[in-house]
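Sequential numbering of the sequence shown, starting at 639, is according to my numbering.
Here is the structure we will look at, set down as structure tokens.
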Amino acid sequence: MPSKIPTLTINDVIALFDQAKNQHAFFQADLMVQAPPKRLTGGVLNDVYKVETSAGSIIIKWYRDTQLDPSATATHEELFDLQKCLFEKKVSVPEPYAYLNNFRGNHVLVMEYIEGQSPTELNQKQAERIGALIANFHLATQKFPAFKTQPNDIKSFLSEIYQSICRGFSQRQPIRELSYLKTLFGYAFSTLWFEDNSKLPSGLRHADIHAGNILISEDIPYLLDFELCLKGAFIDDIANAICMFCLGHETKMNEALLSALLTGYQSIRPITAQELDYLPTAFKNRIGLERVGNLKLNNLHMPNGSNFTEKSAKTLSHYISSGQWLNFRRKLLPVEMTEQEMLYQAKDKRFNPYYQLQCATVTSDPTHLAANDAQPIVLEGKKNKLS
């Protein structure tokens, strides 16, 4: 069982600096700690401390998983290697200083402290820069190997999250909440779709893009927290960013921010027509994953009436089903979809701008669902629902 993380003291920091002195020039001989460590956040997987030193402020991320088996060590070491790779390729991330795989029984990552704030309301300039930041992340990591212990399919990915959160619950939450947790994950699984996106542009995804993982400093966005990275289609990260920054808790899609975010992304990496066609599926999966995201790994929350899931899901559903997304898509890439592409996109009438067209053309076929059936549409030759 993982042990509780002890309170970080000045003596701990001094000992940590001594152990890390050969990893980075920051840990110079006369480096001094000027104030007790300040705990910024604490979550299921780690605690984050800010430390004031004579050479400037730093962040110490103290990981909660203390089982030092080879796979766990590789996971945290890869996180350090990834952040170092991104920093060296000029992607806006904090500079990593050191990684210790067994400092007093824990994994510890030391990095640069950047003064800034997570965005609450974006302007178009910030949205455009966040889009470019995501694209830079995708391109910079194209040759970075997949994390050894991270699954590449959504079902295994959710299972990993479930196990991590359960470990956190054992430390911080009442056992009675576990039954709710199981219900939540079961519901998330039931609302997800599976569609083969293996032919879409892919690589290492951040997989957890939201306001808490973006830091804006002097109008420049920085990307944080890579614990959930995994291999996958880039468009899923884009869908996530759209849901987080262009929709959020609003009652309608902010197309000005949507346009700015996609403009910024495409200034670095053009989005293909096939990726745009896949976006409605990515949106729907984002809603399913958001139900899991209400139990965030780094900041545990229980769902409430004002979360993204129920309010914004309806807004997103209407945006897709009413044809507004299709109109916006044509402005981005004015290519007419064939009827087959329309039907391929139409897997759930809540996200289906061509639902009436499909019902008119296939209702005589008993293998298809009637217009008043609320179950997902199963297209011939396509397995859409997760088994």
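Note that CB positions come from ideal geometry on N, CA and C, so glycine has one too.
Residue from the options with nearest C-alpha to residue i
| i | options | result |
| --- | --- | --- |
| Glu-715 | Trp-963, Thr-691, Glu-865, Cys-884 | Glu-865 |
| Thr-910 | Leu-861, Lys-837, Arg-843, Asn-892 | Lys-837 |
| Val-686 | Glu-750, Phe-785, Gly-743 | Glu-750 |
| Glu-753 | Tyr-860, Asp-650, Ile-652, Gly-769 | Tyr-860 |
| His-776 | Gly-841, Ile-768, Gly-769, Phe-725 | Gly-841 |
| Ala-898 | Gly-961, Ile-880, Glu-856 | Ile-880 |
| Gln-764 | Lys-922, Gln-661, Glu-726, Ser-855 | Ser-855 |
| Gly-694 | Thr-713, Thr-645, Glu-733 | Glu-733 |
| Asn-684 | Tyr-701, Ala-673, Ile-696 | Tyr-701 |
| Ile-906 | Cys-884, Glu-766, Asp-857 | Glu-766 |
| Tyr-916 | Leu-868, Leu-970, Asp-874, Ile-697 | Asp-874 |
| Thr-713 | Phe-785, Thr-901, Leu-885 | Phe-785 |
| Gly-850 | Met-891, Pro-757, Cys-884, Leu-896 | Pro-757 |
| Pro-872 | Lys-728, His-844, Cys-884 | Checking the displayed sequence, the identity of residue 872 turns out to be Phe instead of Pro. Of the listed residues, the one whose Cα sits closest to Phe-872 is His-844. |
| Ile-772 | Leu-971, Leu-900, Gly-961, Trp-963 | Leu-900 |
| Met-891 | Trp-963, Tyr-735, Ile-925 | Trp-963 |
| Phe-664 | Ile-858, Lys-781, Tyr-735 | Tyr-735 |
| Pro-839 | Leu-853, Gly-870, Ile-852 | Gly-870 |
Through-space distance from residue j to residue i, alpha-carbon basis
| i | j | result |
| --- | --- | --- |
| Glu-690 | Lys-699 | 14 Å |
| Met-882 | His-848 | 6 Å |
| Glu-913 | Ala-920 | 10 Å |
| Gln-755 | Pro-675 | 20 Å |
| Leu-654 | Val-731 | 22 Å |
| Lys-688 | Val-746 | 13 Å |
| Thr-647 | Leu-738 | 17 Å |
| Lys-952 | Glu-759 | 21 Å |
| Gln-762 | Ala-894 | 7 Å |
| Asp-863 | Glu-726 | 17 Å |
| Asp-668 | Lys-659 | 11 Å |
| Phe-741 | Thr-645 | 14 Å |
| His-662 | Gly-743 | 22 Å |
| Val-729 | Ile-876 | 17 Å |
| Leu-896 | Leu-868 | 25 Å |
| Gln-904 | Tyr-957 | 22 Å |
| Ile-696 | Val-748 | 7 Å |
| Leu-885 | Leu-724 | 28 Å |
Classification of residue i by the beta-carbon crowding that lies within 10 angstroms, buried from 16 upward
| i | result |
| --- | --- |
| Leu-678 | exposed |
| Ser-692 | exposed |
| Pro-783 | exposed |
| Met-670 | exposed |
| Arg-968 | exposed |
| Pro-908 | exposed |
| Thr-779 | buried |
| Ser-950 | buried |
| Ser-959 | buried |
| Ser-955 | buried |
| Gln-721 | buried |
| Lys-922 | buried |
| Asn-774 | buried |
| Asp-834 | exposed |
| Asn-965 | exposed |
| Val-673 | Going by the sequence as given, residue 673 is Ala instead of Val. Answer is exposed; the Cβ neighbour count stays below 16. |
| Asn-878 | buried |
| Gly-769 | buried |
| Gly-961 | exposed |
| Ile-858 | exposed |
| Ile-652 | exposed |
Simplified DSSP assignment, three categories, for residue i
| i | result |
| --- | --- |
| Asn-835 | coil |
| Tyr-957 | helix |
| Met-749 | strand |
| Thr-691 | strand |
| Ala-653 | helix |
| Ile-909 | coil |
| Ile-847 | coil |
| Leu-866 | coil |
| Lys-1033 | Outside the modelled stretch of the chain, which goes from 639 to 1025, sits residue 1033, for which no answer is possible. |
| Val-731 | coil |
| Ser-756 | coil |
| Asn-744 | strand |
| Tyr-859 | Going by the sequence as given, residue 859 is Pro instead of Tyr. In this structure, Pro-859 counts as strand in the three-state DSSP scheme. |
| Asp-685 | strand |
| Ala-877 | helix |
| Lys-781 | coil |
| Ala-770 | helix |
| Ala-894 | helix |
| Thr-647 | coil |
| Leu-724 | helix |
| Leu-669 | coil |
| Lys-699 | strand |
| Ala-736 | strand |
| Ala-663 | coil |
| Cys-853 | Note on residue identity: the sequence assigns Leu, not Cys, to residue 853. Looking at Leu-853 - three-state DSSP - the assignment turns out to be strand. |
| Leu-971 | coil |
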